[in-house]
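Input: a single structure, listed below in structure tokens.
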Amino acid sequence: MAKVIYSFKVWLFRRQFRLTVREESGLRDICVFAVRLYLKAWLTAPLTAAAPKSDLELMKALAAYPNRVIRKAARAKLAKHLWYLSEDLVGLALFDRAVPFATKALMVSAMEVEADGSEDDRQIPRAQVEFASVIGKTVVDFATANSRRIFERLNLPSGFLDVAPEEWEDREDQESCGDGPVPARGK
Numbered sequence: 001m002a003k004v005i006y007s008f009k010v011w012l013f014r015r016q017f018r019l020t021v022r023e024e025s026g027l028r029d030i031c032v033f034a035v036r037l038y039l040k041a042w043l044t045a046p047l048t049a050a051a052p053k054s055d056l057e058l059m060k061a062l063a064a065y066p067n068r069v070i071r072k073a074a075r076a077k078l079a080k081h082l083w084y085l086s087e088d089l090v091g092l093a094l095f096d097r098a099v100p101f102a103t104k105a106l107m108v109s110a111m112e113v114e115a116d117g118s119e120d121d122r123q124i125p126r127a128q129v130e131f132a133s134v135i136g137k138t139v140v141d142f143a144t145a146n147s148r149r150i151f152e153r154l155n156l157p158s159g160f161l162d163v164a165p166e167e168w169e170d171r172e173d174q175e176s177c178g179d180g181p182v183p184a185r186g187k
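First residue of the sequence shown: 1, per the UniProt record's numbering; consecutive thereafter.
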């Protein structure tokens with residue numbers, strides 16, 4: 001974020017610097033990218049439960065971003081930071097109020113499909129995401145049977161996953177997750 005703020009400052013005082021046309025154009029492009037995409041992602045980054053959905057929304061916005069040079073550079077950087085879309089961490093979306101009940105139900109269904117057992121359980125892999133196909137994806141597409149491991153790793157009860165998401169709020173096992181899976185507002 002420091003570099004973004006610095007870019008804004010240079011842009012604001014660009015007439016006091018001797019910038020070439022190319023430098024000024026590049027600086028403008030970076031500032032526009034920061035305002036249109038990066039700032040929202042940066043401000044929502046501390047919201048762990050919202051991270052899978054936020055990362056996916058950022059990727060979709062990036063896939064549609066009109067500046068090819070910025071899009072390519074940002075995609076290369078973002079591809080290294082997709083942990084929250086990995087099958088192990090995408091389950092955090094169950095805790096996100098912005099994720100509708102229907103999506104949560106589909107995620108739980110995807111988590112019930114048997115795993116092939118070939119995954120290495122020692123590390124949380126980055127999600128392998130093909131940027132060209134991201135437009136039509138939802139967090140459901142990243143959920144697998146291995147997504148249930150987050151409950152085991154954090155010693156959280158997962159019994160509430162056996163009932164409809166609309167009923168999670170009143171369950172004692174869900175409440176023991178702290179601010180855990182909560183219903184979407186108005187969905």
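C-beta: ideal position from N, C-alpha, C; glycine also.
- At the C-beta level, A143 and V90 come within 8 Å of one another.
- Taken in chain order, the complete beta strand (DSSP E) segments of 3 or more residues contained in the region 3 to 32 number zero; there are none.
- Rounded to the nearest angstrom, the Cβ distance from V163 to A63 is 36 Å, too far for a contact under 8 Å.
- Secondary structure remark: continuous beta strand (DSSP E) runs of at least 3 residues inside the region 54 to 128: none found.
- Ranked by Cα distance from E87, the options L154, E130, T48, A145 are led by A145.
- Annotation: the continuous alpha helix (DSSP H) that includes K40 extends over 39 to 44.
- Annotation for F151: the continuous alpha helix (DSSP H) segment containing it runs 149 to 153.
- For M111, the closest C-alpha among the options R97, L161, P46 is that of L161.
- Rounded to whole angstroms, V108 and R14 show a C-alpha spacing of 52 Å.
- Taking the Cα positions, L37 is about 11 Å away from L43.
- The C-alpha of R18 is placed about 42 Å away from the C-alpha of T48.
- When DSSP states are grouped into helix, strand and coil, T138 belongs to the coil group.
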